[in-house]
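J.: Please read through the structure below; I'll follow up with questions.
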Amino acid sequence: MAREYGTSVETSASPEQVWRVWSDMSTWGSWNPNVSTMDWNGGFVSGSTGVMNTRAGQHHKMELVDVQPGRGFGLLTAVVPGTRFRFNCKIEPGASGGKTRVSQTVEVGGPLGPVLGGMLGPQVSKEFGTLLENLARKAESA
Numbered sequence: 004m005a006r007e008y009g010t011s012v013e014t015s016a017s018p019e020q021v022w023r024v025w026s027d028m029s030t031w032g033s034w035n036p037n038v039s040t041m042d043w044n045g046g047f048v049s050g051s052t053g054v055m056n057t058r059a060g061q062h063h064k065m066e067l068v069d070v071q072p073g074r075g076f077g078l079l080t081a082v083v084p085g086t087r088f089r090f091n092c093k094i095e096p097g098a099s100g101g102k103t104r105v106s107q108t109v110e111v112g113g114p115l116g117p118v119l120g121g122m123l124g125p126q127v128s129k130e131f132g133t134l135l136e137n138l139a140r141k142a143e144s145a
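Using the working numbering, the first residue of the sequence shown is number 4, and each one after it goes up by one.
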């Protein structure tokens, strides 16, 4: 198993509010600092595929996996040849109506994952805090 790199934030938004925003890819460009648009086929379900268009002009083919409505999902992509990136996105309800925890991590696998993961994991995950704070704010206002 590859090492995970990432972070989490807490929000006053309910898990349902977070899920409503996170599972609506048409909103990603408004709160994710890296995403310009998402071109997606097949809805927000496991096995659906599409392309993430970044603000830097890159285009990454992606696949949704392990979609658990209201709880989380994974995204698979290969950004660097010989690697496989898995983004793990989770929503955890707070105890007794407390704050919702929202987290995102990345695992770098594939043949070159053990060699490049220690460099690419921290680099890719460095903006997860900003991304999650933006997601939380969007969900709180939803």
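Glycine included, every Cβ here is placed at the ideal spot set by N, Cα and C. Bear in mind that the values here come from a model prediction, so they are computed numbers and not experimental data.
Would you report the Cα separation of F90 and K102, rounded to the nearest angstrom?
T.: F90 and K102: Cα-Cα distance of roughly 23 Å.
J.: Using three-state DSSP, classify L79 as helix, strand or coil.
T.: If DSSP states are grouped into helix, strand and coil, L79 belongs with the strands.
J.: Per the contact definition of three or more C-beta pairs closer than 8 Å, is the segment 17-32 in contact with the segment 116-125?
T.: At 8 Å Cβ cutoff, the stretches do not touch.
J.: By a C-beta neighbour count over all protein chains shown, 10 Å radius and 16 as the cutoff for buried, is Q71 buried or exposed?
T.: By the neighbour-count rule (16 or more Cβ atoms within 10 Å), Q71 is not buried but exposed.
J.: State yes or no: is the C-beta of L135 within less than 9 Å of the C-beta of V38?
T.: Not a contact, by the Cβ cut-off of 9 Å.
J.: If you check the beta carbons only, do P114 and P18 fall under 9 Å apart?
T.: The answer is no: Cβ separation not under 9 Å.
J.: In chain order, what residues of the same chain lie with their CB nearer than 7 Å to the CB of A139, ignoring the 5 residues before and after it?
T.: Excluding sequence neighbours, A139 sits near V12, T14, A16 and V105.
J.: Measure the alpha-carbon distance for T86 versus E66 and round it to whole angstroms.
T.: So the two alpha carbons sit approximately 15 Å from each other.
J.: Could you have a look at E19 and say whether DSSP puts it in helix, strand or coil?
T.: DSSP places E19 in helix when its eight states are reduced to three.
J.: Candidates E110, K64, C92 and H63: which alpha carbon is nearest F76's?
T.: Nearest C-alpha to F76: C92.
J.: Which one of V82, N137, E143 and D69 has the shortest CA to CA distance from G116?
T.: Here the closest residue by C-alpha is V82.
J.: Does the beta-carbon of V127 have 16 or more other beta-carbons within 10 angstroms, so that it is buried, or is it exposed?
T.: Classification of V127: buried, given that the 10 Å Cβ count is 16 or more.
J.: To the nearest angstrom, how far is it from the Cα of G60 to the Cα of T40?
T.: Those two C-alpha atoms are separated by around 11 Å.
J.: Enumerate in chain order the residues of its own chain whose CB-to-CB distance from G132 is below 8 Å, with the five nearest sequence positions on each side excluded.
T.: These residues qualify, in order along the chain: T10 and V12.
J.: Using beta-carbon positions only, say whether W43 and G32 come within less than 9 Å of one another.
T.: Not a contact, by the Cβ cut-off of 9 Å.
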